[in-house]
Each structure stands twice: as C-alpha cells, then as structure tokens.
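J.:
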Amino acid sequence: MLKVKNLEVYYGVIAAVRGINFEINEGEIVSLIGSNGAGKTSTLQALLNSVKKKGEVVFGGYDTKNHKTHALVQKGLALVPEGRRVFINLSVEENLRMGAFNNDENYKHLKDEMYKLFPRIEQKRNQMAGTLSGGEQQMLAIARALMSEPKLLMLDEPSLGLAPKIVGEVFDTIVRLRDEGITILLVEQNAYAALSISDKAYVLENGEIAISGNAKDMIGDDAIRQKYLGG
Amino acid sequence: MKIIKLLMLSVAILFLIFAQNNLDPYTVSILNNIAIFGILALSYNLINGVAGQFSLEPNGFVAIGAYVTALLILPASSKIDMFALEDPAPIILAMHTSFLPALLMSGIVAAVLAFILSIPVFRVRGDYLAIVTLGFGFIIRIFAMNQTKYTNGAMGLNDIPDNANLLWTGGIIIVTFIVMLNVIYSKYGRAMKAVRDDEDAATAMGINTFWIKTYAFMTSAFFEGVGGGLMASLLTTISPDQFTFLLTFQLLIIIVLGGLGSMSGTLIGAVLVMGGTEWLRFLDQNMDIFGYNTGAHPGLRMVVFSILLIIMMLFARRGIFGNKELTDMFKRGKK
Amino acid sequence: MILELKNITMQFGGITAIDDLNFGVKTGEIYGLIGPNGAGKTTLFNIVTGNYTQTKGTVVFNHEELSGVKPNEIVLRGIARTFQNIRLFKSMSVLENVLIGFHHQANYTYFESILRLPRHFSNEKKIKKEAMILLEKFGIADLADTNSSSLSYGNQRKVEIARALATNPRLLLLDEPAAGMNPSETEDLSNIIKKIKTEFGLTILLIEHDMKFVNQMCDKVLVLDYGEQIFEGKPSDAIVDEKVVAAYLGDFEHA
Amino acid sequence: MKKITTIAASVALIASMSYAKEVKIGVVLPITGPLAAFGQTSNDGLKIAYAQNHTLKNGDTVKLIVLDDRGDKVEAATAVKRLINKNHVTAILGEVASSNSMAMAPVAEKAKTPMLTHASTNPRVTKGKKFVTRACFIDPFQGAIQANYAYDHGYKTAVIVTDAKQDYSVGVSKAFKKAYEKRGGKIVGRVIINSGDKDFNAQVSTIKAKHPGIVDFTGYYPEAALMVRQARAVGVKAPFIGGDGVGFPELIKIGGKAAEGFMYSDHFDEAAATSPVAKAYVKAFHAKYHKATDSMGALAADGYGMILAAMNKCKDPTDKICVNTNLRATKGYQGVTGVININKNGDAVKSGVVRVVKNGKFAYLTTVNP
Amino acid sequence: MDISTFVQQMINGISLGSMYALIAIGYTLVYGVLRLINFAHGDIMMVGAFVAYLAQNAGIPFELAVILAIIAAMVTGILTDKIAYKPLRNAPKISLLITAIGISFFLENLFNVLFGGVPRAFSAPDYLTKIIHYDGIIVPVTVIIIPVVTLILLFIILWILNKTKYGMAIRSLAFDIPTVKLMGINADIIIMLVFAIGSALAAIGGIFYAVSYPSIDPLMGVIVGLKAFAAAVLGGIGSVAGAVIGGFILGFTEIVVVAFMPDLGGYKDAFAFIFLILVLLFKPTGIMGQDLDRSRF
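Shown next as structure tokens:
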C-alpha cells in the first residue's frame, strides 16, 4: 500500500531523516518508534508533502511526488497530528464536519458511526473542542481523520500526554480500526505500547532506521529491549 | 585599520568642502537630500533593523525636530508676521537660539518624547507595535496641524533661515554613521541584535529588553530629530503635510534596500533611492519640452518604488548588505 | 537547598498544568525532571525563570523568594537556562552569542560606548577573552567567528550552554539537552556537563527523555505526570517503580 | 550712403540672426496632484499665448520649460532650483497656489531671478521680495469684492469658512471680514476646514445653527462642492460666495444641484472681454479647446505676456536684473484679463468680476473695478 | 444644539460607523486567518469606488457598475494575496507587513498615474441621493440604507462563518493552517475566499462612501482604511461582530464629539488612533475579542 524509498528530509543544513526505506502492507499496523528528534514526525510530514523531501513515496500505486498535502488526503491518506490539534474554537460536530470536508454525501452516516465508536464525544457534540479533556480530544482527532474515509491512517504520538488508562483505550481503538480494514501507521515514543499492538515495526535513530522487523519478536529481544526500550 | 578609517573620514570631509564650494546649487541640493535622508534612514535602521522593533514612527520624530529647529531659528518678527490663524504663543516668540543649539534641542526633544512613548510602545510587539507607532506618528501630525498657536497649523512655517548647507548635512551624517557603528559594536548593540533575534532568549541572558529597546528608540529619535531640524533649515519651509507616512515609507525602502540592520547598506540605500528618485523624475514628467504635456505620469516614480519594495521582499529579503557591515565583509574576506 | 519549590500550582484558563508540587534541589546536585510531554516540565522551568507567574506557591532560590522578580533579574541572581528547541541568536556569530551572556560583566555605559571611551575598550577586551576561554572549554573555540545558525545541532547545543554559563549562574536549567542528538553526541555532551558542573560549582536541573542519559547523569529524579509528582528519588529506582513505568516508561502488560 | 545703411542693416540682420538666441522661461505649475485643475487650465492658456507669440523683438525665440510640482511646496522649491541652476532660465512663471509660490519665492529671490506668479493672490507672496511680481490682484481686493457684493445684495450677516491649510483661504477670510464689517455687515460665525476633508457634517451643523444671510467660502472647489452639498442636505438655505479657487467645472460636477447659485469673485469672464487682445485670446482658445475660457488660463497668458514685454524692453533679454526691473515697472499693460499696473509691492492693480453657477454653468454677474 | 440636530447627528454617526464596519470586517477576517494587517485593504475600497465610477462613466447603469466594482475589488484582493502574500506565508510577519505597505502604495500611486489626483465627481442614482424631510429632521436616504445593508451583510457573513463548511474552514484556518490541510482542504482556496469576502465588503463600503461624499480620489482609502483597522482592533480583532461594533463606536464618536465640541474638529482623525492605542495597551483583545491565541471569529 505504501512504499518509501530513500526518504530524506533536511531543515537547512540539519538532516532530520537520512535516507530511509520502509513498506506498509494493507491491513497492517506498522509502528515507527524512536526517541524525540529521531525523525519520526519529519517522516510523517514528508509522506504528506508537508515538508520538502527527497526520495520516492508510492501510495496505492501513485507516486506522491507532485501532490499537495490536501490532495494526498483526498486520495486516502489521513494523519492524526502530534498534539491532536483539534480545532479548539469549533464544536465537536464542526470538527467532524471539517474532517468530511470533501465527503459531503457520507458525512451524516460517518458522523453517526463515529459517535458509535466514541460515545464519549457524542455527549459533547455541541461543545467547543477546546473544552474536551486530552483523551477526548485524541478521540475526536482520530474520528475527524476517519471522516475522510482514509485507506491509510497515520497517528503521530497518540499517547502523548495521556494518562495510561486512556492510552489503553486509544490503542484498543486502533486495533479495532485495523480489524475493520484500515491500514495503520503508528508513530510512538511509548515503544512498548506501540510494539504490543503492531504487526511490524521500524526503530528510527538519528534519522536512520536502526532496526526493523516483526513487532512481537522485537519485544522479546533482550538486546533491543536494553537499548531502545529503556528497560 | 585605524589609518584607513581616518583616511576615509578626511576624504569625506574634503569632498564636502569641495562640493559645497564648487558644485552647482542643484547638484548640492541633491547631495543635501541624500545626506538628510541618509541621516534619517541610519537612525531608523537602528530601531527597525538592528533592534528589530518595527516602528513606523520616524515621520513623527522628524516632524518634531523640524518644528523645534524652525521655531528656534526663526526671528520673533517673522513669527508674528507668519502666524496667520492665531497669534503665536508667547513662548514661541520668546524662544530663539542659533543653529547648532537648535539642532541639538531638536534631537533632545525627539529623544525625550521617544522615552515617554517607549512605555506604551514596548508593551506590545510585532505588528501591533507597528500600528501603535504608526498611530503616534499620525497623532503628532494632527497636533502639528491643530496647535496653531505653536505651529501655525496646516500652513506650516516659511522663510526659515537657511543655515544648513552641505557641510552641516554631510558633517552630521558622518557623525550619525560613526555613532551608529559605535552603538552596534558595543554590548548595547549586541543586546539590540539579541532582542531582534529572540527576545525571550535575550531576557534569559539577563538582558533588560525594555531598556535596550528604549536606548535604540531614543537614539534613533534623537538623530531623526536632528535630521528633521536640518531638513527644515534646508527647505526653509515646513508644514505638517511633509511628515506623512510617505516619509516613513521612503525611509523604509532605503533600509530594506540596503539591508535591515546594516548601516553601510543604509548609506548605499540612501544614495540609490534618493539619487534614483531624482533620476526617475523623467518618469513623472515627460513634458520638459513645451507643447505636449499629456504624458505626465505623476507618481510613476512611487509606483516603481513600491514594486521595487515588493520584489525585494519577495526575492531578496536581505537587501544589499543583509545585516552585515562593510567592515564585517572585509573581515570575512580576510579569513 | 539551593532551590525550593513549595506548593506550586499553575493554571492556564482553568486547566491545571501543575498541581501542588513540592521539591527541592540540593547545592551541587544534578536533578532530573522526567515525565510525558505535556506533564508540565517546561512550565515548571518557566515558573523558576520568572517567565510565568505561578497561580499558587513560592519559589525560593538561595534563601530568597523569587515571586515578582523579573526574568532578567532572576538571571542576575544566578539562574541560567537553555531552551528545549535551541534558541540561539541566529544572526550572530558564536562568539557574539556568548558575549551576550557576558552583557552584565562588561562595565561601561551607553555614552561611553558611543564616545568610545577607554572603559569600552578595556571591558570589551576582558569579556572577549573570557568568552574565548569558555568556548575552549566546550572545544568550539575555532568556531568563534562562525554564524551560529550554520552550526551542527550538537554544536548549537554547546553554544547555548556556554552562553548560559557566561551569565555566571549558580543554578543551570537544561531543557532536554540531549534531544535530537545521536548517542556519541549525547555522550560528548554528558561529559561536558559533568566537567563544567565541577569546574563552575554548578547545580543543574534538567529535563530529559532519554532514560539512559538521565540514569547516567542525575543524582535524583522527579517524575511528573499531568502536573502531579508521581515519584522522587534515585533514577535507578524510578525505572522499576510501577507508577513510573505505567505513566511514562510504558506498560509491559498491555496488549 | 544708402548702400551703407543697407549693408549695415543686413549686417545687423545677419548678426541678429546668427545671434538669435533662445531665451528660456521656466514655468512651475501643479499639473498633477490635488491642485491639478489649476495647473492644467493655466497651462492651456499658456499654450495659446505661446502659440500667438514666441519671438522677441530682437529675433530671439522664447523657450518654455514647464515643470510639474504635483501641488507640493517642497517640490515647487526644488523645481525652481532646478530651473535656475540646471536649465538657466531667465525668468520664472508660476505658481498658482499661494503656499507653493511662497516656497518658491525665497529661492528666486536668492538667485536674483525674476519670478512672476500669475494667480497667487496672498499678499505675503510678494511682500519684501524684489524679484517676485504678480499678474493678479491680491486677497484683500478679492475679499473686498465678495464682501461688497454680498452686502450690496442684502446679505447682512455671514459665516466665514476658512481652509486652515491654505494661505489663500486664510488671507481672503481676513480680507472679507475686514471689508464686510467696515460696510456694517456682521460675521456671525467662523468654521475651519482642512483641504482633503470630506465630511463637513459638523461644520454645516454649526452654520445651520448660526442662520447666516450668506456663507463666505474662501477655500478651493473640491471642499466647496462637498460642503455646499452637505449644507443643503441639512437644510442650510443661505447662498454661498467664494473666491477664484472655486471656479472650476468640478464644483458643478461634484456639487450637483446644490452648487446652483454659488457665487464667486474671479479674474476674468469672456462675457466681459472687450479689448482686442482678450477677443483674440478667446477666439484662439475656443478654436483649440472647444470649451469656455477660464481665469487661470487667461492669467497665465497675461503673465507670459508681461514677461515677454519686459524682455523686449531690455537690450539683452537674458539680463535677469533688467527683465525684473521692467517687469516691476509694468504700467498699462493691455492683457486678456484687463489693464494691468504693477504697484510698488509688485502686485497687480486691476479689475475683477463676479460670477455665479446658473443652470449647471458659470455665468457672468458683474465687473468690479479697484 | 436642538433636538432635531441631535437626532440628525446620531443618524450620521450610525451611517459613518456602518462604512467603517464594512471595511473593518475585511481587516478582521484577514488578520484572523493570516495574522496580517492588510495595509492594502483601504486601497481595495478605493479600487471598488473607482471601478464603479469608471463603469458609470462608460454608460453602464449604477447597479451593474456596483457589481462590476465588487468583482474588481475581489479580483484585486485575491491577486494581492497570490502575488504578494502567498509566497511569504512562512516568512517573518514583518516581511509580510512591509509587502502589504508596498502593495498599498502601489495601488494608490498606480491609480494616481492612471487617473490623476484630482478628485472626481461620483454620481449615484436619485433614489440613493434623495433627502427625506421628517418633522424638521432632514435625512439623506443613504444614512438609512447604509446601516441596513451593513447589518444584512453582517448576518450573511456570520451565517457563512457559522453554518457553512467553508465558514468552518475559515474559522479553523485561523487556528491552525497545517491541520486544515490535513482535512484534505486546499487552504489556499479558503484564504482566497477570505480575501474575496473582505474585498467585496470593502468595495461596498467604498461605494457607500463615494455616494455619501461624492468625490473620489486615489488616496481616499488611506485614512478610512486606517480608521477601519482601528475599529477592528477596538471591537476585538478576529471578531466579525466586534468589527461592526467597533466601526459603529468609532463613527459615532467622530460625529458626536465633533458635533458637540466643534473645537475638537481638527483632532477628529486622531480619535481612531487614540482608541487603538488605548485598546492595545489596556485590553488588547478589544471589546468582543477573546484571547488572541486561543479563539477566533
């Protein structure tokens, strides 16, 4: 579904991503883990052409080279950005409406589905999104991304700043979405949680992929555990 | 290095003396114009380019300076004669000095005003600062128009003694240039640049950013005031309409062209813009020869300058010199 | 105790960022603050440096209360900081960046600099010399004339720390100093920090994510979650603490 | 003997031909900018006069160098510097607005170059100046025309509107007040405006409250038009009277119906043109522009004519001092706008007219002699 | 001052305030979205008035001329953004401000070159210039029409902002441009829409201004523009309703103060700036505005 070849991202002279390769197949949860500044967010932004990049990104057979961010989203890539970034000055429902900006005909139906998926936000549908708690905002951000009916959903640090219990809920949701057929790219600092639900994982270090492989194997590998999982 | 500097200084002074005595008055008036706008732009660049505070107020300070000098050097008799709307206030009639003290007074009054204004102005940042200073510049002009007892209102002042000449304007631009460089290459100048680059980080270095900005604002205002005084004496006539936002705009073009924060660049910018303004006169009036005048395009010069400014911002935001000085370039060259 | 925080609470428009926090840093210690993003670590820094005014509580530095003291004055009292996303003065050279830190140690007035009186020259010479010595300690003296924005990430971090040291602090606050560095750069940095700590007699309070780094460096850590303190003690104890693992290090059991 | 005279004559002719020089006259006018209407009409008249005569008695050709100052006084002063130092003109004609002429005067005075303003009516333009002369009457006379006309036609109370930005307006206001009160009229109010203003609601309310018999508007036409319009909109019924600054077609265009009945003192009206010079000018003007003549053009033509006449009296027409002396000594010059005598101040003593807006056009009312 | 004059001045104040309000909305929308003081906005109002004038001179009926003027202003506004602002989206704000000033001078001087600085008479159909006499009060029709149209337009704008997806997009844009793109929305189109709406309102304001004070010149937008900006800040920049309220307050103050204290007449143009400075110093969020970094519109 998504093939990335020799992806590079530079900010001025500073390299954030130094030529990485990876692949995501349909129906998988793939996680990209690594410490702060390892290049995870830059990778996501490069996939959406939000930053200048070098290298090749092929999504569903398309070369994404000459597409703008919004066009790629229309093609089925969706990103739940780091820090959630819900539109705090819009109501919950308006946030969902924004998610379905190019999807007028399915809006009503999708909205009901989202409320079913996240009953907690349905109760607050007319509240300003800024008044929601962190966990609720995260759910709204995911719901908003799903409103465009993406083929590939990318999540940037969904656990960031959330209480562990809520993190659990969010991750459960991610698994459920995969089961419903959405391919997922998960970027996480919380490596254990990410690996525990992933099929495949890539460890980014200093803009390069240090290790890649089956997620379950990685959790079991003592050396990896020692070096990257802080345990 | 020191010898080169002294040599340059003496060449400049010799040139001024030569030009004042040998060139025709028209050329001298262009040189005067360049010098005055140079003085104003150099001082404007300190607050705007070096300290990064986007003030749009220089027109106000120039106006203050022009009025102070004009009122100080005009004899009482011509004031009585000139004030048409209302009789001049007694203090206006009483004040009279020679030229140099008048110029200094212009600078001091402008600097004191800058000090008073710095309290409200530096409570805001960025484009709000721009709009607040624009507002103060505007209000100063409105006062000049309405305080007829002191300013003769919108009609302004005429027959101001023409004490200024190229030696004055040229001498003062040299002084201004040296002072500005001295400020820049001191801990205060460094702090101004730090405030420009990152105000919070400057605070985190223990710098009192309010005072640093105020120093820059007052120094800038002082020389703008002096420049205004020179302008008044050189033109022999002033009125509030000369100190509109257009004046600020011209200075802005000069410093953007030369490079925000670069004093050497500003000098070159002043020569190019003021010389160019004179040279581009043909755009405005292709009607020197009598007969056909339908082709006059007033303001075409300003159209050209506006486009120039926009193009510079879009493609060459750093101007000719960036924020470096000529001497910095020599240094780099040596390395 | 060089720094004591008592009952610090910080609210932003009704949202509590820090909730009734108490801790103290002993003189000469390297004290680590850890916790997930948004836990309130940087907010805490901003309270100590005077950029934010806490809703409740007091900060005591060197037996003096810091409430109402302006950020630039707090620096003069001996607290210096670095920023999470390195904030150098981009248009200036490395040397000039460090000289900014020496601003208050150069003793001449504005008029003295305009008139170029002797004190200007003698003081400038003095602080330039000291700045070069400082840069040498960080091993970046040869970069003195380089523009700070063209440095590598690691060197930028060094300049930022050198600049903070130039203000002659007693307490140094480092906000994620190792972020974005590769392991060798990180190691280099931790050596330098240790070195300067002894040389300058500093106390250091730092925020960091890299547990390895924290383990290596810190005498004591405080783990924050949602503005609340969930652990205080040795770093080696932190990684096995259940609460810390659950909130920050990740939940082993979850699947 | 005859031969000799012929030879001498032909030598003189050849000499004069070979020495037929170009004599330059610099002209400064607000061809563009807010005062453009004055500058352009002046220029139109100047062209007619130039076409009628541009050769001096000695055979020299006159060359005009016209500069636009955009109505700005600093530009005006710069233009004079440029004309004198770069173009080496012998004399300068211009400007229209008194403020601008006053900025030019010191420059001309310093360079000892004769300057003739055709239309600046403020007394201070020539005051104390040896090289500045004018071809028009001055404000006190203009103010007096308005005051007398108003008083004589039954308007015994007046409000004066002064444009604080214009020396011209301030001068006429003073003169009106003096003359009007001398006759026994009563000034019941005074309002201040500034050129460039558009909203006069406050001022017209004041006027309305004063219930004057007449409103003396001493400024220029753009404000006159807007003000009379707003005055009529709030119900001010008193007629307006003004000076030569309002007599432009835009008064009627912008003022619309409200401008009907607006009276003003002026320098020239073709209905009053009886002299052959005036008739020739009017004829040439109509032929060239197909529109009614105006006073600015006529004054410019006279100013040009006066300079030429002064030059013709000099052996060397480029002798600035001589030209100036003769210019200042002008007596009984038969111009388009009437007979012009220059008094010791350098001001012209001549007759004026009163005109009115009638049926969307300017109409002649009467001629007033000094 | 008698009661009829008083009432009349009140009506005049509301009318002037409406014109400020119409122009202020454009400032508030653009500032809300791009954090840019669009210096050229006042000049776009001038462009609108000029196009209406030129169209009428070419024999086009007034109503059609108004539509042409609105279109021309919208095109000018959009082009301004495309040429001068869009390339600088990621540049420091000050660069944008300088280009905005440049555009403003460009438009003023271009029109000066093309049409000269002489004020031109702007004609309007009789039904707009009519004057109603009622019980001693003389009311030009415009002073009634202008506030009514302003309020109608205000409600339309608020409806667009609050009820349509494009309006929601504008509101989200004000908060976070990159995230809006993540919704599959072409942010540039939405910004274009903002300029189009703002410019259209400016053109309407400009035409009203030209009808009320029927002489137009290339510099007519300068002072009015700055005052409208002041009105926007007064009302709370970023708030459309605030812009309208700010406009009314400013228009009202100008008229009423001058009417009751004619001595202050000369300072009339300074009121806007005095308000502006006071607001920025003591209540930077204005009357209706909330925290600038948190909420918009």
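Residue numbers (our numbering), protein chains in the order written: chain A, 1 to 231; chain B, 1001 to 1335; chain C, 2001 to 2255; chain D, 3001 to 3370; chain E, 4001 to 4297.
By construction, the Cβ of each residue, glycine as well, lies at the ideal position given by its N, Cα and C atoms.
(1) CA-CA distance, residue 3369 (chain D) and residue 3353 (chain D)?
(2) Whose CA, out of B:1240, B:1030 and B:1321, lies closest to the CA of residue 1148 (chain B)?
(3) Is residue 5 (chain A) helix, strand or coil when you go by DSSP?
(4) Starting from residue 3066 (chain D), trace the beta strand (DSSP E) both ways and give me its first and last residue.
(5) Secondary structure at residue 3210 (chain D), three-state DSSP: helix, strand or coil?
(6) Using the C-alpha atoms, what's the distance from residue 217 (chain A) back to residue 223 (chain A)?
(7) Return the chain-ordered list of same chain residues with a C-beta closer than 6 Å to the C-beta of residue 3361 (chain D), the five sequence neighbours on each side being excluded.
(8) For residue 3099 (chain D), name the three-state secondary structure that DSSP assigns.
(9) Flag this pair as yes or no: are the beta carbons of residue 4187 (chain E) and residue 4177 (chain E) separated by less than 8 Å?
(10) Using a Cβ-Cβ cut-off of less than 7 Å, list which residues of the segment 1163-1194 of chain B approach chain C; keep chain order.
(11) Do the segment 3266-3276 of chain D and the segment 3044-3061 of chain D touch if we need at least three Cβ pairs shorter than 8 Å?
(12) Nearest chain B C-beta to residue 2217 (chain C) closer than 8 Å, yes or no?
(13) Which ranges does the alpha helix (DSSP H) cover as unbroken runs of at least 4 residues, wholly within the segment 153-190 of chain A, from first to last along the chain?
(14) Between residue 3165 (chain D) and chain E, is there a C-beta pair that is closer than 8 Å?
(15) Can you name, in chain order, every residue of its own chain whose Cβ lies under 7 Å from the Cβ of residue 2243 (chain C), other than the five neighbours on each side?
(16) Report yes if the CB atom of residue 80 (chain A) is closer than 8 Å to the CB atom of residue 141 (chain A), and no otherwise.
(17) CA-CA distance, residue 4204 (chain E) and residue 3081 (chain D)?
(18) Is DSSP giving residue 16 (chain A) helix, strand or coil here?
(19) Using DSSP bridges, identify the partner residues of residue 3241 (chain D).
(20) Spatial neighbours of residue 1150 (chain B) within its chain, please: C-beta separation below 7 Å, excluding the five flanking residues on both sides.
(21) Looking at chain B, which residues of the segment 3106-3130 of chain D have a Cβ within less than 7 Å of any of its Cβ atoms?
(22) Residues in its own chain within less than 8 Å of residue 4207 (chain E) by CB, not counting five upstream and five downstream?
(23) Output, in sequence order along the chain, the residues in the segment 1301-1315 of chain B whose CB is closer than 7 Å to any CB in chain D.
(24) Residue 213 (chain A) bridges to which residues according to DSSP?
(25) Could you tell me whether the Cβ of residue 4172 (chain E) comes closer than 8 Å to any Cβ of chain A?
(26) For chain C, find out if any of its Cβ atoms is closer than 8 Å to the Cβ of residue 1048 (chain B); answer yes or no.
(27) Does the beta-carbon of residue 4261 (chain E) have 16 or more other beta-carbons within 10 angstroms, so that it is buried, or is it exposed?
(28) How many angstroms separate the CA atom of residue 4233 (chain E) from the CA atom of residue 3134 (chain D)?
(29) Per DSSP, which one or two residues make a beta bridge with residue 3092 (chain D)?
(30) Please classify residue 3173 (chain D) as buried or exposed, where buried requires at least 16 other C-beta atoms within 10 Å of its C-beta.
(31) Going by DSSP in three states, residue 70 (chain A) sits in which element: helix, strand or coil?
(32) Is residue 4242 (chain E) closer than 8 Å to residue 4287 (chain E) when the C-beta atoms are compared?
(33) Compare the C-alpha of residue 2186 (chain C) against each of C:2166, C:2074, C:2165 and C:2217 and name the closest.
(34) Is the shortest distance between the beta-carbon of residue 3205 (chain D) and the beta-carbons of chain E less than 8 Å?
(35) Going along the chain, which residues of the segment 4213-4245 of chain E sit with their C-beta nearer than 7 Å to a C-beta in chain D?
(36) So, for residue 1318 (chain B): in the same chain, excluding its five sequence neighbours on each side, which residues have a beta-carbon less than 7 Å away from its beta-carbon?
T.: This is what the structure gives:
(1) Residue 3369 (chain D) sits at position 369 when you count from the first residue of the fourth sequence. Residue 3353 (chain D) sits at position 353 when you count from the first residue of the fourth sequence. Roughly 8 Å separates the two Cα atoms.
(2) For this step, residue 1148 (chain B) is matched to residue 148 along the second sequence. Among B:1240, B:1030 and B:1321, the Cα nearest to that of residue 1148 (chain B) belongs to B:1240.
(3) Stepping through the first sequence from its first residue, residue 5 (chain A) is reached at position 5. Of the three classes helix, strand and coil, the one that applies to residue 5 (chain A) here is strand, per DSSP.
(4) Looking up residue 3066 (chain D) in the fourth sequence gives position 66. Residues 3061-3068.
(5) Numbered from its first residue, the fourth sequence carries residue 3210 (chain D) at position 210. In this structure, residue 3210 (chain D) counts as helix in the three-state DSSP scheme.
(6) If you number the first sequence from 1, residue 223 (chain A) lands on position 223. If you number the first sequence from 1, residue 217 (chain A) lands on position 217. The straight-line gap from Cα to Cα measures roughly 11 Å.
(7) Sequence index remark: in the fourth sequence, residue 3361 (chain D) carries index 361 (1-based). Excluding positions up to five away in sequence, the list is empty.
(8) Translated into positions along the fourth sequence, residue 3099 (chain D) becomes position 99. In the structure shown, residue 3099 (chain D) sits in a helix (DSSP, three-state: H, G or I).
(9) On the fifth sequence, position 187 is the one that residue 4187 (chain E) refers to. On the fifth sequence, position 177 is the one that residue 4177 (chain E) refers to. Cβ atoms of residue 4187 (chain E) and residue 4177 (chain E): closer than 8 Å.
(10) 1179, 1182, 1183, 1186, 1187, 1188, 1190, 1191, 1193 and 1194
(11) no
(12) Position 217 of the third sequence holds residue 2217 (chain C). For residue 2217 (chain C), the answer is no, since every Cβ of chain B falls outside 8 Å of its Cβ.
(13) 164-179
(14) Position 165 of the fourth sequence, counted from the first residue, corresponds to residue 3165 (chain D). No, residue 3165 (chain D) lies away from the interface with chain E (no Cβ there is under 8 Å from its Cβ).
(15) Position 243 of the third sequence holds residue 2243 (chain C). So the qualifying residues of the chain are 2230 and 2231.
(16) Residue numbering aside, residue 80 (chain A) sits at position 80 when the first sequence is read from its first letter. Residue numbering aside, residue 141 (chain A) sits at position 141 when the first sequence is read from its first letter. Taking 8 Å as the Cβ cut-off, residue 80 (chain A) and residue 141 (chain A) qualify as a contacting pair.
(17) By 1-based counting over the fifth sequence, the position of residue 4204 (chain E) is 204. By 1-based counting over the fourth sequence, the position of residue 3081 (chain D) is 81. Each residue's Cα considered, the two are about 46 Å apart.
(18) Residue numbering aside, residue 16 (chain A) sits at position 16 when the first sequence is read from its first letter. Three-state result, residue 16 (chain A): strand.
(19) One-based indexing of the fourth sequence puts residue 3241 (chain D) at position 241. Partner(s): D:3216 and D:3263.
(20) Working through the second sequence from its first residue, we reach residue 1150 (chain B) at position 150. Within the same chain, residue 1150 (chain B) has close Cβ partners 1089 and 1092.
(21) 3106
(22) As a working note, residue 4207 (chain E) is residue 207 in the fifth sequence. Once the five neighbours on either side are set aside, the close Cβ partners of residue 4207 (chain E) are 4048, 4049, 4052, 4066 and 4069.
(23) none
(24) Taking the first sequence and counting its residues from 1, one reaches residue 213 (chain A) at position 213. Its beta-bridge partners are A:201.
(25) Numbered from its first residue, the fifth sequence carries residue 4172 (chain E) at position 172. Yes, residue 4172 (chain E) lies at the interface with chain A (some Cβ there is under 8 Å from its Cβ).
(26) Your numbering for residue 1048 (chain B) matches position 48 in the second sequence. No, residue 1048 (chain B) does not count as interfacial toward chain C.
(27) Locating residue 4261 (chain E) in the fifth sequence gives position 261, where the first residue counts as 1. Looking at its Cβ environment, which holds fewer than 16 other Cβ atoms inside 10 Å, residue 4261 (chain E) is exposed.
(28) By one-based count along the fifth sequence, residue 4233 (chain E) stands at place 233. By one-based count along the fourth sequence, residue 3134 (chain D) stands at place 134. About 52 Å.
(29) Numbered from 1 along the fourth sequence, position 92 holds the residue referred to as residue 3092 (chain D). In DSSP, residue 3092 (chain D) forms a bridge with D:3026 and D:3115.
(30) Stepping through the fourth sequence from its first residue, residue 3173 (chain D) is reached at position 173. Its Cβ being crowded by 16 or more others within 10 Å, residue 3173 (chain D) is buried.
(31) Here the question's residue 70 (chain A) lines up with position 70 in the first sequence. Correct three-state label for residue 70 (chain A): helix.
(32) Locating residue 4287 (chain E) in the fifth sequence gives position 287, where the first residue counts as 1. Locating residue 4242 (chain E) in the fifth sequence gives position 242, where the first residue counts as 1. Yes, the pair counts as a contact, with Cβ atoms nearer than the cut-off.
(33) Against the third sequence, residue 2186 (chain C) aligns to sequence position 186. For residue 2186 (chain C), the nearest C-alpha among the options comes from C:2217.
(34) As a position in the fourth sequence, residue 3205 (chain D) is number 205, starting the count at 1. Taking Cβ atoms only, chain E reaches closer than 8 Å to residue 3205 (chain D), which makes this a yes.
(35) 4213, 4214 and 4215
(36) Taking the first residue of the second sequence as position 1, residue 1318 (chain B) is located at position 318. Excluding sequence neighbours, residue 1318 (chain B) sits near 1259.
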